[in-house]
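Presented below is the structure to which this report refers.
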Amino acid sequence: MVFDSGMLLASLNRLSTSDHQSVVSINLFVALICACIVIGHLLEENRWMNESITALVIGLCTGVVILLISGGKNSHILVFSEDLFFIYLLPPIIFNAGFQVKKKSFFRNFSTIMLFGAVGTLISFIIISLCAIGIFKKMNIGNLEIGDYLAIGAIFSATDSVCTLQVLSQDDTPLLYSLVFGEGVVNDATSVVLFNAVQNFDLSHINTRKALELIGNFLYLFASSTILGVVTGLLSAYIIKKLYFGRHSTDREVAIMILMAYLSYMLAELFYLSAILTVFFSGIVMSHYTWHNVTESSRVTTKHAFATLSFIAEIFIFLYVGMDALDIEKWRFVSDSPQLSVQVSSILLGLVLVGRAAFVFPLSSLSNLIKKSPEEKISFKQQIIIWWAGLMRGAVSVALAYNQFTRGGHTQLRGNAIMITSTITVVLFSTGVFGLMTKPLIRLLLPSPRHLSRMISSEPTTPKSFIVPLLDSTHDSEADLGQNVPRPHSLRMLLSTPSHTVHRYWRRFDNAFMRPVFGGRGFVPFVPGSPTEPSDH
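Heads up: the sequence shown at position 444 corresponds to 444 in UniProt numbering, and the numbers run straight through without jumps.
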């Protein structure tokens with residue numbers, strides 16, 4: 001009995017120590033996030049330094065301090081967790097991107113965005129994978145299988161839209177912002193879909209049939225994930241419109257919006273779909289319908305709640321990446337051959353440059369052939385900026401690399417350790433160097449970028465003020481819907497017809513069928529204290 005009591009006390013003591021370490025870790029991360037916010041505010045006027053780079057630098061400095069304190073044994077206080085990243089940190093970032101997107105700008109450039117985000121990512125994936133197979137097999141970096149090389153293609157095809165959007169200005173360069181933003185989100189989703197498709201297939205014997213199955217699985221995941229996001233968003237709009245939560249409590253409106261947004265992500269995970277794509281389109285649909293069905297106070301609350309959660313998650317991710325860059329466990333495997341690690345990192349960085357150039361310039365030319373108006377065409381200088389701005393790699397690349405090459409955040413294989421350290425090196429270099437040079441490059445190539453703005457709303461960026469006539473000087477108001485517009489009679493004519501006509505067709509359908517059922521702009525929710533019930537239309 002005494003022995004059992006002693007073991008119990010020892011277990012409680014270890015548990016208490018573990019809990020205390022967790023408290024210390026949380027305290028440190030919260031303090032560092034606060035420091036990033038303060039420093040980011042002080043550097044707000046300097047557009048070269050954004051919160052992502054600031055968080056990386058602070059993470060690196062903190063890692064050095066922890067490394068010195070621990071006697072060179074450890075550089076971070078949290079072990080990487082895929083659940084932490086994919087289940088808790090990534091959803092608010094992607095959802096807020098869809099929720100805050102300027103829908104008119106996004107969908108007017110939808111064909112170009114899909115060309116860059118889906119087709120372009122596939123091209124980059126193929127180039128990086130094939131080159132990695134041809135180059136790394138000749139280098140002594142460990143036993144990597146065909147699945148590892150294909151995973152490398154998916155990992156380094158994922159751009160960092162978070163860092164890119166902090167560098168670009170939505171007011172100064174609206175066209176570039178729209179293209180890079182849209183491509184970034186679709187790119188991340190496509191990369192994750194490719195990564196999952198590669199992992200779910202037996203790649204020991206690749207043939208034409210397996211390649212077609214891989215492509216079919218990719219298209220299925222892409223389409224089904226988008227549909228699930230749209231359905232979830234429409235369901236939330238219908239529930240809030242019919243039940244009028246605002247008549248009793250705005251807290252319930254805010255709660256159901258946040259929970260339905262998170263539910264869309266978790267449903268995609270449950271059915272093994274692309275949760276990134278699902279939650280992004282759920283955000284777009286909820287901003288178009290659900291957001292207009294709640295009371296004014298709930299609109300303000302949800303807008304700031306989603307933006308704040310996204311902001312904190314972004315800083316947390318880059319802080320961790322900065323700390324993990326000095327992880328001794330992984331660098332110990334490459335300490336005997338630092339030259340090899342530098343070579344692998346340089347090769348991967350070169351493949352990123354080549355892989356992106358291989359689709360940005362050709363697909364831009366293809367997009368320009370479809371666009372008839374000179375104002376809608378992407379100039380060569382703009383193509384250079386799009387190519388450069390998408391060279392940054394970030395949290396998605398790190399998360400996928402950990403998923404492929406570690407087990408529980410740890411690795412004991414030399415080849416896997418080399419790929420992890422090389423990935424972190426590419427992320428740090430691309431985010432720091434390319435991120436710092438993006439703004440000067442824009443100023444050099446586009447000295448007066450404001451000529452791209454036809455009309456910039458002076459209101460705060462909210463779903464209610466999504467008005468950016470990016471490529472057309474005319475307002476797409478309700479009155480415009482009745483104007484005579486050439487009706488396309490074939491696919492060729494549809495592609496050659498100005499894109500705003502397609503938008504008008506959608507607006508007519510939206511006003512006639514969607515808004516009467518799901519609400520949206522023009523729907524007046526019930527406000528407590530109002531003498532009348534809201535009309536159901």
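The beta carbon of each residue, even a glycine, is placed where N, CA and C say it ideally should be.
Beta-carbon spacing of residue i, residue j below 7 Å
i	j	result
Leu194	Phe86	no
Ile420	Lys330	yes
Cys36	Ala55	yes
Met323	Gly59	yes
Ala237	Asn200	no
Glu183	Gly142	no
Val254	Thr295	no
Gly519	Lys241	yes
Thr226	Asn187	no
Val185	Phe280	yes
Thr232	Ser298	no
Val386	Leu179	The sequence given here places Ile at residue 386; Val does not occur at that position. Yes, the Cβ-Cβ distance between Ile386 and Leu179 is below 7 Å.
Ile418	Val344	yes
Phe359	Ile113	no
Leu78	Ser25	yes
Leu150	Ser129	yes
Gly283	Phe99	yes
Identity of the residue in the options nearest residue i by Cα
i	options	result
Leu214	Gly63, Ala261 and Gly147	Gly147
Leu176	Lys138, Asn511 and Ile442	Ile442
Ile370	Ile385, Phe110 and Lys102	Phe110
Ala395	Ser157, Leu221 and Ile258	Ser157
Gly350	Glu375, Phe311, Phe361 and Thr425	Thr425
Val192	Thr278, Ser422, Ser25 and Val360	Thr278
Ser262	Ser52, Asp251, Pro174 and Ile276	For the record, residue 262 in the displayed sequence is Tyr; it is not Ser. Checked all of Ser52, Asp251, Pro174 and Ile276; the closest Cα to Tyr262 is Ile276.
Ile239	Thr190, Leu270, Met286 and Arg414	Met286
Arg414	Phe107, Ser430, Leu340 and Arg393	Leu340
Ala389	Val517, Leu115, Leu445 and Thr438	Thr438
Gly153	Pro174, Lys138, Ala197 and Thr112	Ala197
Arg108	Arg507, Leu235 and Met514	Arg507
Phe380	Arg393, Ser365 and His288	Ser365
Ser310	Pro91, Leu348 and Phe361	Pro91
Phe316	Asn140, Gly40, Ser52 and Leu42	Ser52
Asp83	Cys61, Glu269, Ala223 and Ile155	Glu269
Ile155	Ser373, Ile123 and Arg393	Arg393
Asp510	Leu150, Ile347 and Tyr289	Tyr289
Ser105	Ala358, Leu78, Pro174 and Leu235	Pro174
Ser422	Val334, Pro440, Ser367 and Glu376	Val334
Phe80	Glu376, Pro440, Ala325 and Leu391	Ala325
Phe318	Val57, Arg252 and Met260	Val57
Buried versus exposed call for residue i [16 or more other C-beta atoms within 10 Å across all chains shown]
i	result
Tyr265	buried
Ser499	Note on Ser499: pLDDT 48, under 50, position unreliable in the model; the coordinate value appears next. Classification of Ser499: buried, given that the 10 Å Cβ count is 16 or more.
Phe245	buried
Arg356	buried
His248	exposed
His20	exposed
Cys131	buried
Gln483	Confidence in Gln483 is poor, its pLDDT being 45 and thus under 50, which makes the residue's placement too unreliable to answer from.
Val468	No answer about Val468 holds up, because its pLDDT of 34 lies below 50 and its placement is not dependable.
Gly134	exposed
His41	exposed
Ser274	buried
Asp327	buried
Met139	exposed
Asn403	buried
Ile69	exposed
Leu363	buried
Tyr320	buried
Ser373	exposed
Ser367	buried
Between the CA atoms of residue j and residue i - distance to the nearest angstrom
i	j	result
Arg504	Ala512	12 Å
Ile127	Asp336	30 Å
Met1	Gly432	Low local confidence applies: a pLDDT of 44 at Met1 is under 50, so the model's placement there is unreliable, with the coordinate-based value given in what follows. Cα-Cα distance, rounded: 60 Å.
Thr406	Asn416	7 Å
Leu445	Gln382	8 Å
Val429	Leu89	The sequence shown places Phe at residue 429, not Val. Looking at the two C-alpha atoms, the distance is approximately 23 Å.
Asn217	Tyr272	11 Å
Gly120	Val354	12 Å
Ser496	Phe136	Low confidence applies to Ser496: its pLDDT is 47, below 50, so where it sits in the model is not reliable enough to give any reading.
Glu314	Arg521	30 Å
Phe361	Val352	15 Å
Thr208	Ile347	29 Å
Lys464	Phe29	With a pLDDT of 36 at Lys464, under the threshold of 50, the predicted position of this residue should be treated as unreliable, though the coordinate-derived value follows. Lys464 and Phe29: Cα-Cα distance of roughly 34 Å.
Any non-hydrogen atom of the ligand FAD within 6 Å of residue i CB
i	result
Phe195	Looking for the ligand FAD in the displayed structure turns up nothing, as the structure carries no ligands at all.
Review point. Does the region 300-310 come close enough to the region 95-102 that 3 or more CB-CB pairs lie under 8 Å?
Key: Under the three-pair Cβ rule at 8 Å, the region 95-102 counts as touching the region 300-310.
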